[in-house]
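Numbering (the numbering used here), first residue to last: 280 to 546.
Backbone N, C-alpha and C define an ideal beta-carbon position, used for all residues, glycine too.
Before any comments, here is the structure.
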């Protein structure tokens, strides 16, 4: 947490930092590099993840003290926090997708933590399947974007994409479709309409999990994806309108359903 705060302070008056780590795939002129990208968005998300994470872990120590699966709980929580940090520091779309799926796996494990309960077992399966719908859209959108630009790297992707749009060198309908598919991933992960159905049932997990995953960090992963891809979305006016529409519907629907909800966690 202290490292994230220090990083955020340093980032205020500096440019983004890209650090190459290693090349995963090299084929002719194409290479898929793994590294990390540190900018203001990464700094903010890192502070959020680590701060909420450490607070939830402190609370969980007493909350889960009498549970037989105490150690398993903290393994899952640590795995989840590490996956989220990997997600927000990713330097390309493939890295984001890998950590995106790891976050989904952690969500499945944590929601179904008390898997002997039928409701918890059904809830984790529902969350997993619903998120896979959005994740499939995200994967297809990533591949479509690579087809258009020839790059997964954020440092090249946006510049190439904007030049293609300005010069009218791409099929606008295909580009819009790819953007919609990318946004579908954020819709599922952030429990936005119409893929919001998994979130109320996800409250079957322990309360600290509900606080960490569904109120703070995992739901914020969808917001992070939209923010990271904002230079791409902003040149497509229909996509920005779609994002606004989905957000408005989700807010109104969630507030309306909460009026009739007696369970404070679900509400």
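Those runs of the alpha helix (DSSP H) which lie wholly inside the region 341 to 397 and span at least 4 residues = 349 to 367, 372 to 390
For residue 404, which of helix, strand or coil comes out of DSSP?
-> helix
Expressed to the nearest angstrom, what Euclidean distance is found between the alpha-carbon atoms of residue 336 and residue 356?
-> 8 Å
The beta strand (DSSP E) with residue 502 in it runs from where to where?
-> That residue, residue 502, is in no beta strand (DSSP E); its alpha helix (DSSP H) goes 497 to 507.
Under 7 Å Cβ to Cβ from residue 321, same chain only, skipping five residues before and after it: list those, please.
-> 367, 368
Taking all protein chains shown into account, decide if residue 350 is buried (16 or more other Cβ within 10 angstroms of its Cβ) or exposed.
-> exposed
Taking 6 Å as the cut-off, does the CB of residue 321 come closer than this to any heavy atom belonging to the ligand ZN?
-> Only the bare structure without any ligand can be found here, which leaves the ligand ZN out of the picture.
Runs of beta strand (DSSP E) wholly within the region 292 to 323 (minimum 3 residues, chain order) = 296 to 306, 309 to 317
Endpoints, the alpha helix (DSSP H) within which residue 520 is located | 516 to 538
Verify whether the separation of the beta carbon atoms of residue 487 and residue 338 is less than 7 Å.
-> yes
Beta-carbon proximity check, residue 332 vs residue 310, cutoff 7 Å | no
Could you give the uninterrupted runs of the alpha helix (DSSP H) lying entirely in the region 431 to 473, keeping only those of 4 residues or more?
-> 433 to 445, 451 to 468
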